[in-house]
Amino acid sequence: MAYFSQQLINAITLGAIYGLIAIGYTMVYGIIGMINFAHGEVFMIGAFISLIGFMICAMLGIGSGAVAIVLVLLLAMAFTAIYGWAIERAAYRPLRGSFKLAPLISAIGVSVMLQNYVQLAQGARPKPAGQIVEGGFNLFSADGFDVRVTWLQIIIVIVTVSLMVGFSWLIAATPLGRQQRACEQDMKMASLLGVDVDRTISLTFVMGAALAAVAGMMFLMYYGIVDFFIGFLAGIKAFTAAVLGGIGSLAGAMLGGLLIGLIEVFWAGYFSSEYKDVAVFGILVLVLIFRPTGLLGKPEIEKV
Amino acid sequence: MGPRLQHHLKDAGLTALVAAGLGIFIVGFRTYDIGKGLTFDYQFVDLGIAIVTIFFGRLGLSLAADGLAWPALALGAVLGAIGASPLKLPSTFLHWFVTLAGLLIVLRTIWPWANHGLAVARHSPRGVPIGQAVAKWFGAALLLAAVVLPMTPLGDQKTMDLAVLILTYVMLGWGLNIVVGLAGLLDLGYVAFYAVGAYSYALLSTQYGLGSA
């Protein structure tokens, strides 16, 4: 029981990080029907900017208090958002209206380019960040086993849930969200009715990148180490989460992320940690066979 | 001229600003692991040179796109000369960066002329497209070269390794063309079959002695 609870706590934390990245995939897919394979690399850039932000905070003597975390969070979101915007502007917008594979290949190219860019600028070795938020408390003890919740895990879950609520509200109730949903349904009609499609798509990328930056910062604080290659596996897992939950749906991305976290942690905890990725992708295949649109996805309606 | 130049300058300034936003953390601060933790030093000089290059590069490109060929060519030549000069820029990479920016502007400027020249050259005087005539014997010539290469003194180990690698990629491309091009299925897992083939060969040759000379 105690072991199970501990694994559950760890799984929810991991799932929250995956979910945050998955939202970026799902929003971009929803609006332009393209899988942004560079999104994992945007997450990695967010982690690096947070790392450097924390180091600058430490140098300025802000220390590792709540102020530093909020400051770095805003900093990372803002500067990673520039990456999201620039990628869309430079690599996807010129290819819009081209044949369907073109932006996908361009996305893979951007992903490789960003990896090499960070490797060149920051070096290939893993960067240890040390512990930024320390401490926690024991939830309960059973069978001589302490179930421990760290403050960091609580921060991660609170930040994720509040961002999730905020973005759902943004999509559901603001003019920007309405424009995004309009572009999602019919881009040409939306532009005829006065929606600035280019601006809406740019803002979608900016939002996705900002969420990826939050995920990158959480990853950095949770694992305490980053290198230029973390974006690849995290990106693939988050993409899996988005597909599992039903790509195009915000709640689906979050649910998918949570499920991927649960499967991964419980498989590693009860069976073997070597085959945890096989378990994740195996379950993805099973879900897709029985529900091709994912768990919460709506079946694609052919619009005439 | 006045408002147009102003427009280009503003565009280039915005591009430089975005570049600064992109580079300030990742390029401006270089982190080092010193054993007991991380430290960083500043690379603002490198970043500054790159941003100035991006400003002038963007300016040259938009001038060229606007038809102002001579100013663009001059800007490209200056950038190329700075990059290729023995001036002490902080890193070799920056030399390449500046040179390539100049080269890019020059290419962009002469592109319309070159394109026109190519369009003219594509037809022989009798109006037959040259591309078709070339394509006929080009494949045969390549095949002949592939067969003859190992027997010539050119075919040393390094060249042969490279040639084999090239042909391996060609084969991968063929296979992918069947799945993606003809069947229309974007099969990202295609490369796994490549791995299966390599493992099969490795296991068969180490365990059963197949295929080893």
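Those sequence lines, one after another, are chains A and B. Under my numbering, residue 355 is the last one in the first sequence; the count climbs by one each step, no gaps. Under my numbering, residue 413 is the last one in the second sequence; the count climbs by one each step, no gaps. Cβ atoms here follow ideal geometry from the backbone N, Cα and C, with glycine treated the same way. This one's a predicted model, so the numbers in the text were calculated from it and none came from an experiment.
Give me the Cα-Cα distance between residue i and residue j, rounded to the nearest whole angstrom.
i: Phe-341(A); j: Gly-195(A); result: 42 Å
i: Leu-287(B); j: Asp-249(A); result: 42 Å
i: Tyr-326(A); j: Gly-375(B); result: 29 Å
i: Ser-242(A); j: Leu-221(A); result: 20 Å
i: Gly-202(B); j: Leu-217(B); result: 22 Å
i: Ala-314(B); j: Phe-293(B); result: 29 Å
i: Thr-215(B); j: His-207(B); result: 12 Å
i: Gly-112(A); j: Trp-136(A); result: 32 Å
i: Arg-116(A); j: Ala-269(B); result: Note that residue 116(A) is Gly in the sequence shown, not Arg. Distance between the alpha carbons of Gly-116(A) and Ala-269(B) is about 56 Å.
i: Leu-205(B); j: Leu-259(B); result: 9 Å
i: Val-210(A); j: Gly-66(A); result: 13 Å
i: Leu-227(A); j: Met-238(A); result: 14 Å
i: Gly-345(A); j: Val-212(A); result: 22 Å
i: Arg-230(B); j: Asn-61(A); result: 32 Å
i: Ala-250(B); j: Ala-363(B); result: 37 Å
i: Asp-246(B); j: Thr-251(A); result: 34 Å
i: Phe-332(A); j: Val-298(B); result: 45 Å
i: Gly-148(A); j: Leu-300(B); result: 30 Å
i: Asp-241(B); j: Ser-253(A); result: 33 Å
i: Tyr-274(A); j: Gln-182(A); result: 9 Å
i: Arg-322(B); j: Ala-340(B); result: 21 Å
i: Gln-332(B); j: Ile-378(B); result: 24 Å
Cutting at 8 Å between CB atoms, please list the residues of its own chain near residue i, excluding the five before and the five after it.
i: Met-360(B); result: Leu-349 and Pro-350
i: Thr-131(A); result: Val-93, Ile-96, Gly-97, Ile-100, Ala-260, Ala-261, Ala-263, Ala-264 and Gly-267
i: Leu-146(A); result: Ala-153, Pro-154 and Ser-157
i: Val-208(A); result: Ile-63, Thr-64 and Ala-67
i: Phe-270(A); result: Ile-68, Phe-94, Ala-98, Val-277, Ile-281 and Ala-285
i: Val-391(B); result: Leu-372
For the alpha helix (DSSP H) that residue i lies in, which residues bound it at each end?
i: Thr-77(A); result: 53–83
i: Arg-258(B); result: 244–265
i: Phe-270(A); result: 248–274
i: Asn-167(A); result: 152–173
i: Lys-358(B); result: 357–376
i: Gly-307(A); result: 301–321
i: Pro-271(B); result: 269–284
i: Leu-205(B); result: 202–226
i: Met-351(B); result: Taken as a continuous stretch (DSSP letters only), Met-351(B) belongs to no alpha helix (DSSP H), as it is neither H nor E.
i: Ala-141(A); result: It is not in any alpha helix (DSSP H) - Ala-141(A) carries neither H nor E in the DSSP assignment.
i: Leu-111(A); result: 90–111
i: Met-291(A); result: For the record, residue 291(A) in the displayed sequence is Thr; it is not Met. Residues 281–296.
i: Lys-239(A); result: 238–243
For residue i, I'd like the list of residues in its chain whose CB is within less than 6 Å of its CB, leaving aside the five on either flank, ordered along the chain.
i: Val-161(A); result: Ala-89, Ile-138 and Ala-142
i: Val-338(A); result: Leu-295
i: Val-334(B); result: none
i: Lys-354(A); result: Reliability fails at Lys-354(A), whose pLDDT of 49 lies under 50, so the model's placement of it is uncertain and the value that follows must be treated cautiously. The answer is none, since no qualifying residue turns up.
i: Met-95(A); result: Ile-281 and Gly-282
i: Phe-255(B); result: Ala-212 and Ala-216
i: Tyr-232(B); result: Thr-239
State the beta-bridge partners of residue i as determined by DSSP.
i: Arg-199(A); result: Asn-189(A)
i: Leu-238(B); result: Asp-233(B)
i: Pro-179(A); result: Ile-276(A)
Under a three-way DSSP split, which group does residue i fall into?
i: Val-118(A); result: helix
i: Pro-290(B); result: coil
i: Lys-354(A); result: Any answer about Lys-354(A) is weak, because its pLDDT of 49 lies below 50 and its placement is not dependable; what the coordinates show is given next. Coil at Lys-354(A), not helix or strand.
i: Glu-45(A); result: Past the edges of chain A, shown from 52 to 355, lies residue 45(A), and the structure says nothing about it.
i: Thr-31(A); result: Any question about residue 31(A) goes unanswered here, given that chain A covers just 52 to 355.
i: Asn-315(B); result: helix
i: Val-184(A); result: coil
i: Phe-393(B); result: helix
i: Glu-344(A); result: Per the sequence shown, residue 344(A) should be read as Thr rather than Glu. Reduced to three states, the DSSP call for Thr-344(A) is coil.
i: Tyr-225(A); result: Per the sequence presented here, residue 225(A) reads as Thr, with Tyr not at that position. Correct three-state label for Thr-225(A): coil.
i: Arg-308(B); result: helix
i: Lys-349(A); result: coil
i: Arg-232(A); result: helix
i: Ile-133(A); result: helix
i: Leu-385(B); result: coil
i: Ser-149(A); result: coil
i: Gly-217(A); result: helix
i: Gly-409(B); result: coil
Keeping to the same chain, check which residues put their C-beta closer than 7 Å to that of residue i; ignore five residues upstream and five downstream.
i: Leu-178(A); result: According to the sequence shown, residue 178(A) is Lys rather than Leu. Closer than 7 Å at the Cβ level, and outside the excluded window around Lys-178(A), lie Leu-102, Ile-276, Val-277 and Asp-278.
i: Met-215(A); result: Met-305
i: Thr-255(A); result: Met-78, Val-79, Ile-82 and Gln-231
i: Pro-271(B); result: Leu-263
i: Phe-188(A); result: Val-200
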